[in-house]
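For reference, each letter of the sequence shown is one residue, going 119 to 422 in the numbering used here.
The C-beta atom is built at its ideal place from N, Cα and C for all residues, glycine as well.
Keep in mind that this is a model prediction, so the values were computed, not measured.
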Amino acid sequence: TDKAARRAMAAAGGTASVGLVAREGGDLAQLEASIRAEVPLDDRVSMGASVRHLVSRVEAGGGQVSETASVIDAGLAVALSDAARLQLLAASALDDGVTGGGVKLTYGPAEAQFRVALTRHMPDYVTPAQVLAGGYLSRAALGGVYRLSSGLVVQGDVGVNRYGLAGRRGASDSVTLAGGLDYLIRRRYPLFGLSYRVEAEYVQHMRSDATGIPLIPLADRENHTVQAMLGEALGEVQLTGMAGWTVDRFGGDGPNASLGMTVPIGLWWKVEASGGLTSISRPGFSGQQLFARALVTRSLGAPR
């Protein structure tokens, strides 16, 4: 059996990972460390759990404020049939007393898949207000992906969202849209492809405090991004680079550039790292942002 197949068998027996994510832009900077494990219970059922710790720095009131938060996540995935897969989710923020849950359903193969999700009161720290007071996000979404040809894939998702603060009812409502096209032009190394993405959020309602200031300020955003992708293999090391440009219909155009690598070590270990610059605006992160990610994964199975 070749090494790639043995690695796949090892991963099928479960994985454990340690990760680190850093992001900075606008009025918010965050560092998130996580530990996660996922194991199969039988051929159709698997379960996973993780612990995340976030350290956030917010520009507020003319100075910087630092906050921390710890979140426990758990999930149970069930293959209802060869085509349908159900996920049950739960999460709890240990510091803020925010606890939520949800369900996700996917139907169809990866080439033609429909997905729907409903989550309520999930701990969330994407805006400065939620970082300072503790926060949650409730969301209903549906979408899918479809492969039009061997090199062309289209995908799209639409969702309705309610942002809230710990111990209070929802503060801000929005509708989000995400979609795009991926066209893999060259399927041999070096890989080459082009992609288009639209990522938008339209604010529907914001509750204000007694002084008239929104509890969770949001802004309309509509990012259109075109990127080129180049992939290369150096032995077993996989390298991927992307570069492009984002146009926000509501302002804030700018470049995107990233570099990522995946390094398998033996049969059981894998190291992934990436970093770069993005101009895609997000709640809490406006203008150009820097990001970096690192993940070390250990497969728990026993390849034959």
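Cut-off 8 Å between Cβ atoms - residues of its own chain near Met165, not counting five sequence neighbours on either side: Glu156, Val157, Leu159, Ala192, Gly193, Leu194, Ala195
Spatially closest choice to Arg416 from Ala123, Gly131, Ser135, by CA coordinates: Ser135
Where the alpha helix (DSSP H) through Ala130 begins and ends: 121–130
Which of helix, strand or coil DSSP assigns to Pro382: strand
N-terminal and C-terminal residue of the beta strand (DSSP E) that Leu312 is part of: 309–324
Range of the contiguous beta strand (DSSP E) that encloses Gln407: 407–417
At least 3 beta-carbon pairs within less than 8 Å: the region 296–308 vs the region 327–334: no
C-alpha distance - Gln356 paired with Thr380, whole-angstrom precision: 5 Å
Residue burial classification, Gly362 (beta-carbon count within 10 angstroms, cutoff 16): buried
Member of Gly384, Asp291, Glu319, Leu408 whose CA lies at the smallest distance from the CA of Ala123: Gly384
Contact set for Val344: own chain, Cβ-Cβ below 7 Å, skip 5 residues either direction: Tyr314, Gly362, Trp363
Identity of the residue in Gly180, Leu333, Gly181, Ala187 nearest Ser174 by Cα: Ala187
Selection from Asp120, Ser152, Phe232 that minimises the alpha carbon distance to Leu413: Ser152
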